[in-house]
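Asker: Shown below is the structure under consideration.
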Amino acid sequence: MSRHASTELLRGYAGGDDLATDVVWAVEVHLETCADCRARLAAEADSVTPLLDQVWADLEPAQAPAPVRRGRWLVTWATPVMGPWLAMTVLVALFALLADLLIPPPLPSLALLLAPIAPVAGVAAAWARALDPAHELVAATPRAGLYLVLRRTLAVLMVVIPLMAVATLTSPLRWLLPCLAFTVATLALGSFVGVRHAAAALIGGWAALVIGPSLVTARPPVVLEPAALGIWAAVLVAGVAVLALRATVYTRLEN
Ligand SMILES: [Zn+2]
């Protein structure tokens, strides 16, 4: 199941070509765990010895402090395709905040209705196979698959939670548990049907079954009442259990 970095890719990396930051990061993650590719890189890099020294400094931090590669931290936590998602999420949150300020109760808060599913699209963007050119290489790396998704998911939550806390003008206690449950459910369901399909199904389902009826009846949904928190906790625990069992899906390539 494992894939190796192509010779062209290693040559480009060794030669300091202008590779996308995602690709560079994927190569580096792969090299950490693959002696074969390190050997091939060494062969490729014979003609570029000074660069080889830097690469080995990267690979063996015990020997020398690894030079900081510009943008590397960003790629570990996010992917370039998450930019449009971030812009969209900020716009939706602002729109919801504005709508809530302009349309007084009894209509339930739009921001509150959106808060539980706010991170779902971001999770999908973090795992957008089709849009991530380095995806195959990243996913083929044993450590990279699930850890990368979890790290990027955490990055999504770190953006979404403060944003929705501002937009909802309420305590996050009201929606944080549903928000986390949806995030984990996206990954758990995604391990069966793909993260993007899972995200679309969950957003569609929430919109049709909760947001729509709630706006039509002008009543806050029962699923966001404090009494429902136990159910959300159960969903969260079940999601984590499924994800733990299905973790390998994120570390191997699909054909
Ligand atoms: Zn390899």
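The opening position of the sequence shown corresponds to residue 0 in numbering that gives the first Met the number 0, with each subsequent residue numbered one higher.
Just so you know, even glycine gets a beta-carbon here, dropped at the ideal spot from N, CA and C.
Using DSSP with H/G/I as helix, E/B as strand and the rest coil, what is PRO83?
Answerer: helix
Asker: What number of angstroms, rounded off, separates the C-alpha of VAL234 from the C-alpha of ALA41?
Answerer: 49 Å
Asker: PRO107 lies in the alpha helix (DSSP H); which residues open and close that run?
Answerer: It is not in any alpha helix (DSSP H) - PRO107 carries neither H nor E in the DSSP assignment.
Asker: Regarding CYS178 and ligand 1, is the C-beta to nearest heavy atom distance less than 6 Å?
Answerer: no
Asker: For LEU153 and SER190, I'd like the C-alpha separation in whole angstroms.
Answerer: 18 Å
Asker: Grab the span of the alpha helix (DSSP H) containing ILE210 for me, first residue to last.
Answerer: Premise fails: ILE210 is in no alpha helix (DSSP H) and is neither H nor E.
Asker: Helix or strand or just coil, what does DSSP make of THR167?
Answerer: helix
Asker: Using 8 Å for Cβ pairs, my map puts CYS36 next to ALA86. What's the rounded Cβ distance?
Answerer: So it is not a contact: roughly 36 Å between Cβ atoms.
Asker: Hey, TRP126 and VAL22: beta-carbon distance below 7 Å or not?
Answerer: The answer is no: Cβ separation not under 7 Å.
Asker: Can you list, in chain order, the residues of its chain whose CB lies under 6 Å from that of LEU242, leaving out five sequence neighbours each side?
Answerer: LEU186, ALA187
Asker: According to the neighbour-count rule (16 or more other Cβ atoms, all chains shown, within 10 Å of its Cβ), is THR88 buried or exposed?
Answerer: THR88 should be labelled buried.
Asker: Using the beta-carbon count (16 or more within 10 Å), is GLY32 buried or exposed?
Answerer: It should be pointed out that residue 32 corresponds to Thr in this sequence rather than to Gly. Classification of THR32: exposed, given that the 10 Å Cβ count is below 16.
Asker: Does the count of Cβ pairs from the region 207 to 220 and the region 105 to 117 closer than 8 Å reach three?
Answerer: yes
Asker: I'd like the list of long-range same chain contacts for TRP205, defined as Cβ closer than 6 Å, with 5 residues on each side in sequence excluded.
Answerer: ILE116
Asker: Can we count ASP17 as close to ligand 1, meaning its CB is less than 6 Å from some heavy atom?
Answerer: No; taking the cut-off as 6 Å, the Cβ of ASP17 has no heavy atom of ligand 1 nearer than that.
Asker: Does ligand 1 have even one heavy atom less than 6 Å from the beta-carbon of HIS3?
Answerer: Checking every heavy atom of ligand 1 against the Cβ of HIS3, one is found closer than 6 Å.
Asker: If we count Cβ pairs, one from each stretch, closer than 8 Å, do we get three or more for the region 164 to 171 versus the region 93 to 110?
Answerer: yes
Asker: Does the distance from the CB of GLY238 to the CB of ALA197 come in under 7 Å?
Answerer: no
Asker: Quick check on DSSP: helix, strand or coil for GLU43?
Answerer: helix
Asker: Check whether the Cβ atoms of ARG39 and LEU18 lie closer than 7 Å to each other.
Answerer: no
Asker: With a threshold of 6 Å, establish whether the CB of ASP99 neighbours any heavy atom of ligand 1.
Answerer: no
Asker: Is DSSP giving GLY193 helix, strand or coil here?
Answerer: DSSP places GLY193 in coil when its eight states are reduced to three.
Asker: From PHE94 to THR6, what does the alpha carbon distance come to, in whole angstroms?
Answerer: Answer to the nearest angstrom: the Cα atoms are 48 Å apart.
Asker: For GLU27, does the count of other Cβ atoms within 10 angstroms reach 16, so buried, or fall short, so exposed?
Answerer: buried
Asker: Whole angstroms is fine: what's the gap from ALA217's alpha carbon to PRO105's?
Answerer: Each residue's Cα considered, the two are about 6 Å apart.
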